[in-house]
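These protein sequence lines map, in sequence, to chains A and B. The opening residue of the first sequence carries number 659 in this note's numbering; numbering runs sequentially from there. The opening residue of the second sequence carries number 659 in this note's numbering; numbering runs sequentially from there. C-beta: ideal position from N, C-alpha, C; glycine also. Note that this is a predicted model, so its numbers are computed, not measured. Take a look at the structure set out below.
There are 2 protein chains.
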Amino acid sequence: MSSHDLNATAASLLGFLLEGPKTGWDLAEAVEQSVGYFWNVTRSQVYRELKTLAAAGLVSEKRAGVRDKVPFAITAAGRAAFTAWMAGPHAPDILRLPVVLTVFFGAHVAPEVLRNQLAEATQAHRARLEAYEALQPEVSEPYQRAALDLGVAYEKTLITWLEGLPWSAAPAPRRRKRSAPR
Amino acid sequence: MSSHDLNATAASLLGFLLEGPKTGWDLAEAVEQSVGYFWNVTRSQVYRELKTLAAAGLVSEKRAGVRDKVPFAITAAGRAAFTAWMAGPHAPDILRLPVVLTVFFGAHVAPEVLRNQLAEATQAHRARLEAYEALQPEVSEPYQRAALDLGVAYEKTLITWLEGLPWSAAPAPRRRKRSAPR
DNA sequence: CATATCATGTAAGAGGTTACATGATTAC
DNA sequence: GTAATCATGTAACCTCTTACATGATATG
Numbered sequence: 659m660s661s662h663d664l665n666a667t668a669a670s671l672l673g674f675l676l677e678g679p680k681t682g683w684d685l686a687e688a689v690e691q692s693v694g695y696f697w698n699v700t701r702s703q704v705y706r707e708l709k710t711l712a713a714a715g716l717v718s719e720k721r722a723g724v725r726d727k728v729p730f731a732i733t734a735a736g737r738a739a740f741t742a743w744m745a746g747p748h749a750p751d752i753l754r755l756p757v758v759l760t761v762f763f764g765a766h767v768a769p770e771v772l773r774n775q776l777a778e779a780t781q782a783h784r785a786r787l788e789a790y791e792a793l794q795p796e797v798s799e800p801y802q803r804a805a806l807d808l809g810v811a812y813e814k815t816l817i818t819w820l821e822g823l824p825w826s827a828a829p830a831p832r833r834r835k836r837s838a839p840r
Numbered sequence: 659m660s661s662h663d664l665n666a667t668a669a670s671l672l673g674f675l676l677e678g679p680k681t682g683w684d685l686a687e688a689v690e691q692s693v694g695y696f697w698n699v700t701r702s703q704v705y706r707e708l709k710t711l712a713a714a715g716l717v718s719e720k721r722a723g724v725r726d727k728v729p730f731a732i733t734a735a736g737r738a739a740f741t742a743w744m745a746g747p748h749a750p751d752i753l754r755l756p757v758v759l760t761v762f763f764g765a766h767v768a769p770e771v772l773r774n775q776l777a778e779a780t781q782a783h784r785a786r787l788e789a790y791e792a793l794q795p796e797v798s799e800p801y802q803r804a805a806l807d808l809g810v811a812y813e814k815t816l817i818t819w820l821e822g823l824p825w826s827a828a829p830a831p832r833r834r835k836r837s838a839p840r
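Shown next as structure tokens:
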């Protein structure tokens, strides 16, 4: 068991294979559409990990697919490795939030630069929030639903923070001396 | 300017050098102790990026330090590159939260495994929250303070979520027949 | 003078991204 | 039959982590 320690990416793929055999393509889709907001995995990684997992005997290739589909199924050893990973100690959380950096260094840039970044970030996170909220009623499995709920809470926190920042709003227009504006 | 596009890590180091010359060691400390919770940079990276930045003329080595200290100062070109990075489009947020994965796949593990993971995560995030809150009164610079505030808000969101999960608590002890509890 | 900590760095490997190549199937 | 998209994969490169090596200075 300890002979092949899983990396977290591989472990997550095994997790998806518990539902049944999947192709690399399907796995990439499944990851992106479910845990994508807190667990980033690219297609390239998927294919590479599948190869490694197959070599370690944790998944088995089922030559059965139509087209060029190559479905993989999790093996008994794969299940064991997944279980071990779930119980084991985890790597620390990783966050990389460029917007927050932009704010942190905000004193060193022109106000409109910061304002633009904040506006873009707000928009992006609003879009995500909407996507997650639209998903919520569809996800009934309680564990997956809980994960999604964190996504929603996270986005709300970020949006609230972004919109509460005093640098988000455009400054009140400078009033010219006794002029009829326009 | 566009001849050397900064990666985000390098950009953040330049940001810290705006305050004044720093050694690699100092930079690593500064990053970890200020933006560490949303911007992870290892010492190895720091030294490597400094070398790269020096080669590109964005920082200059000041052979002046006591001991073996090698302080670097940002150059005019470095300032320009930093400003460009701040204004430019940013890479998407990256989140890697193993705990959330554990919850997502919670159906596939024993309840106490999940409970343990949740308990550990809660403890870790409580500790972080306390650290940030202790820091808050010390940080008066408004932009840095805003960034720290997000850290606090983020930790609170996570903790609230963790503690609200029904799998966090130990199951109610099985009630023995007609017993006087305690 | 021994130990802790400061400070620099390298080496090797794992993990992650981007761009490209290739062909099958489906929809128009 | 042409275009979109499904599906697989490779190559090159960059980024990140871990472990190690080295020596100076400060603390007891």
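**OP:** In angstroms with no decimal places, state the Cα-to-Cα distance between A742(B) and A765(A).
**Re:** If you take the alpha carbons of A742(B) and A765(A), they lie about 15 Å apart.
Subject >> W697(B) vs L759(A) beta-carbon contact at 9 Å >> reply: The answer is yes: Cβ separation under 9 Å.
Original post:
Does G736(B) come within less than 9 Å of chain A when only Cβ atoms are used?
Top reply: No, its Cβ sits nowhere closer than 9 Å to a Cβ of chain A.
Original post:
When the Cβ atoms of the region 710 to 720 of chain A are set against those of the region 663 to 680 of chain A, are three or more pairs found closer than 8 Å?
Top reply: Yes, they touch.
Original post:
So V761(B) is in the alpha helix (DSSP H); what residue range does that whole segment cover?
Top reply: Residues 756 to 762.
**OP:** Return no unless some Cβ of chain A is closer than 9 Å to the Cβ of N774(B).
**Re:** So yes, N774(B) belongs to the interface.
Subject >> chain B contact for E687(A) (CB, 9 Å cutoff) >> reply: Under the 9 Å criterion on CB atoms, E687(A) is classed as non-interfacial with respect to chain B.
**OP:** Could you tell me whether the Cβ of S718(A) comes closer than 9 Å to any Cβ of chain B?
**Re:** So no, S718(A) is outside the interface.
**OP:** Apply the 10 Å Cβ neighbour rule to V724(A) and answer buried if 16 or more other Cβ atoms are within range, or exposed otherwise.
**Re:** With a pLDDT of 49 at V724(A), under the threshold of 50, the modelled position of that residue is not reliable, and the figure given next carries that caveat. V724(A) comes out exposed.
**OP:** For the region 730 to 739 of chain B and the region 749 to 759 of chain B, state whether three or more C-beta atom pairs, one from each stretch, are separated by less than 8 Å.
**Re:** By the C-beta criterion, the region 730 to 739 of chain B is judged not to be in contact with the region 749 to 759 of chain B, since fewer than 3 inter-stretch pairs fall below 8 Å.
Subject >> Endpoints, the alpha helix (DSSP H) within which E796(A) is located >> reply: Careful: E796(A) lies outside any alpha helix (DSSP H) and carries neither H nor E.
**OP:** Tell me where the alpha helix (DSSP H) around F696(B) begins and ends.
**Re:** Careful: F696(B) lies outside any alpha helix (DSSP H) and carries neither H nor E.
**OP:** Identify whether P679(A) lies in helix, strand or coil by the three-state DSSP scheme.
**Re:** Coil.
**OP:** Could you tell me the distance, in whole angstroms, from the CA atom of K814(A) to the CA atom of L787(A)?
**Re:** Their Cα atoms are separated by approximately 7 Å.
Original post:
Do the CB positions of A686(B) and V704(B) come within less than 9 Å of each other?
Top reply: Closer than 9 Å, so yes.
Original post:
Expressed to the nearest angstrom, what Euclidean distance is found between the alpha-carbon atoms of N774(B) and R784(B)?
Top reply: One alpha carbon belongs to N774(B), the other to R784(B), and they sit about 15 Å apart.
**OP:** Tell me, please, which residues DSSP counts as bridged to P729(B).
**Re:** Looking at the DSSP output, P729(B) sits in a beta bridge with T681(B).
Original post:
Under a three-way DSSP split, which group does S826(A) fall into?
Top reply: In this structure, S826(A) counts as coil in the three-state DSSP scheme.
Original post:
Can you tell which of V810(A), E770(A), P800(A) has the C-alpha that lies nearest to the C-alpha of A844(A)?
Top reply: With chain A covering 659 to 840 only, the question about residue 844(A) has no answer from this structure.
Original post:
Taking the continuous beta strand (DSSP E) assigned at V767(A), which residues delimit it?
Top reply: Looking at the DSSP string, V767(A) is not in any beta strand (DSSP E), and its letter there is neither H nor E.
Subject >> CA-to-CA distance, V771(B) to R701(A), given in whole angstroms >> reply: Spanning the alpha carbons of R701(A) and V771(B) requires a straight line of approximately 30 Å.
Subject >> Endpoints, the alpha helix (DSSP H) within which G736(B) is located >> reply: Where G736(B) is concerned, the enclosing alpha helix (DSSP H) stretches over 734 to 745.
Original post:
Where does L820(A) fall in DSSP's three states?
Top reply: Helix at L820(A).
**OP:** Starting from the C-beta of S826(A), find all residues in its chain whose C-beta is less than 6 Å away, skip the five residues before and the five after it, and write them out in chain order.
**Re:** Within the same chain, Cβ atoms closer than 6 Å to the Cβ of S826(A) are found at L776, the five residues on either side in sequence being excluded.
**OP:** Spell out whether any CB of chain A is found under 9 Å from the CB atom of A668(B).
**Re:** Judged by the 9 Å Cβ criterion, A668(B) is not in contact with chain A.
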